[in-house]
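Scroll down for the structure; my scribbles are underneath it.
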Amino acid sequence: MFGRGADIGIDLGTASVLIYIKGQGIVLQEPSIIAINNRTNEVLAVGEEAHAMLGRTPQNITAIRPLRRGVIDDCDATEKMLKYFIHKAIGPRLIKPRIAVCVPSGVTEVEKRAVEDATRQAGARKVDVIEEPIAAAIGAGIDISRPCGSMIVDIGGGTADIAVISLGGAVVKKSIKVAGDNFDEAIMVYLRKRHNLLIGEGTAEEIKKNIGSAYKRDFPIEMTAKGRNLVSGLPKHIVLSSDEMLDALAQPIDEIVNAVHVVLESTPPELAADIFDRGIVLTGGGSLIYGLDKLITQRVGINAVIANEAISCVAVGTGLFVEYKYSKQNRKSRAYD
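And the structure:
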């Protein structure tokens, strides 16, 4: 059965795609991965099913992430992936949906246009593109319309976006291509150099989620990592501790904390005073690394807190943005009638 049109917010992330629908909340959250048959160009799997294929495909099948470092790397694959997710979230519709999709604050106009075009080709009748820190702040429950400084640090899969927001806009902002994917890469490099162990992206991600640390834990935890021994070429497993992850993740974590420091240095004094009183809000999956909030608090001297439902803040904020925009337009059109 065909339904009415819908207002949709999409967090088109490097690591995952989240879709928010007005009145329903988050209806879809799946990895940003698509598996394609190289010979026929047929889409074999998308999302969770494609994620299970990473590192396990034969030569005729490629499982890829069509977004890299927060921007579209493969337009055709992104369009196919988006079309699949939108259809899965809302089903067949007689009226195409209005969609708001977010992008990192540092993207170029060309990159922004690529996101807009891919979303329109995927089935949107109207597309709004908004910056991730604005969407993250809205989703975290911050009233961005007030003349008051709020600082948001959104750490996704491909980028970390830091912004000071007041009166509905970003007064100071910075986007760096250091985020969750870099944490995975750092863990892979560490194990290769320190333990002669070669692991895949999936294993690195599991290590990050289970024992990844930005701040020393009171009681270290351990897990077993499995991979291939680079010396013998045979399968091997080792026991890793969370203390080792402090060394493994030190470089990318430091880059993010330094970016926060740079933004604070550029913030007007009145807004800086507001931030000192209100604190720094962390959103995105990368913010869930153990102790990152404590480390930022220690380094910059301002209390940092992780938002509730940090992973979904951008998607929720994007959906609330499109809800507000079109409800406001509808009220204006009724007023003229």
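Take any residue in the sequence shown, count from 1 to its spot, add 2: that is its number in the working numbering. Glycine included, every Cβ here is placed at the ideal spot set by N, Cα and C. On a predicted model such as this, the values are computed, not experimentally measured, just so you know.
Cβ pair residue i, residue j closer than 8 Å
i, j, result
"I132", "C104", "yes"
"I36", "V48", "yes"
"V324", "A102", "yes"
"L284", "A312", "yes"
"G229", "I209", "no"
"V302", "V262", "yes"
"L273", "S168", "yes"
"V29", "I38", "no"
"A216", "I157", "no"
"P270", "V173", "yes"
"G11", "T320", "yes"
"A227", "L193", "yes"
"V191", "F87", "no"
Among the options, nearest to residue i - alpha-carbon criterion
i, options, result
"Q253", "I144, E44, K327 and A188", "A188"
"R58", "D276, E311, G204 and G321", "G204"
"M83", "D256, V117 and D186", "V117"
"K98", "Q123, L322 and I282", "Q123"
"S34", "S268, Q26, G160 and Y22", "G160"
"D245", "A91, E224 and K128", "E224"
"P94", "I308, T64 and G125", "G125"
"E381", "A206, E50, S243 and N40", "Summary: the structure shown does not reach residue 381, with the chain confined to residues 3 through 339, and so no result is reported for it."
"E257", "L290, I12 and I178", "I178"
"H89", "R148, M153, C77 and I21", "I21"
"R127", "A8, I23 and S268", "A8"
"E207", "R100, F185, G72 and R196", "F185"
"F278", "I154, P135 and E134", "I154"
"D361", "K218, V259 and D130", "In the structure displayed, the chain extends from 3 to 339; residue 361 sits before or after that span and is not available."
"G72", "G286, Y86 and K218", "G286"
"N212", "K238, I144, Y292 and P135", "Y292"
"R115", "C315, P149, K85 and C77", "C77"
Three-state secondary structure (DSSP) of residue i
i, result
"S314", "helix"
"D128", "The residue asked about is misnamed: residue 128 is Lys in this sequence, not Asp. Reduced to three states, the DSSP call for K128 is strand."
"E257", "helix"
"T269", "coil"
"E133", "strand"
"S244", "helix"
"G72", "coil"
"T121", "helix"
"E44", "coil"
"M3", "In this prediction, M3 scores a pLDDT of 32, lower than 50, which makes its location untrustworthy; the coordinate-derived value is nonetheless stated afterwards. M3: coil per DSSP, three-state reduction."
"C104", "strand"
"Y217", "coil"
"T226", "strand"
"Q300", "helix"
"L251", "coil"
"K98", "coil"
"V233", "coil"
"L284", "strand"
"G11", "strand"
"M153", "strand"
"L294", "helix"
"D186", "helix"
"T64", "strand"
"A52", "helix"
"D163", "strand"
Cβ-Cβ separation, residue j to residue i (assumed contact under 8 Å), whole Å
i, j, result
"S107", "A17", "18 Å between Cβ atoms; not a contact."
"N176", "V109", "Asn is not the amino acid found at residue 176; the sequence shown has Lys there. About 13 Å; that fails the 8 Å criterion."
"A142", "A162", "The Cβ separation is near 15 Å, so there is no contact."
"A120", "E81", "5 Å"
"G288", "I304", "So it is not a contact: roughly 19 Å between Cβ atoms."
"L340", "N198", "Within the shown structure, residues of the chain are numbered from 3 to 339, placing residue 340 beyond reach of any answer."
"G170", "D276", "In fact, because the Cβ distance is near 15 Å, the residues do not count as touching under 8 Å."
"A68", "A54", "Reading off the sequence shown, one finds Pro at residue 68, where the question assumed Ala. Actually they are not in contact, since the Cβ atoms of P68 and A54 sit about 17 Å apart, beyond 8 Å."
"N43", "N62", "So it is not a contact: roughly 11 Å between Cβ atoms."
"I308", "L290", "7 Å"
"A91", "I23", "7 Å"
Near the ligand MN: residue i beta-carbon under 7 Å from a heavy atom
i, result
"P254", "Of ligands this structure carries none, so the ligand MN is not represented either."
Interface flag, residue i vs chain C, CB-CB below 8 Å
i, result
"E187", "No chain C is part of this structure, which consists of one protein chain only."
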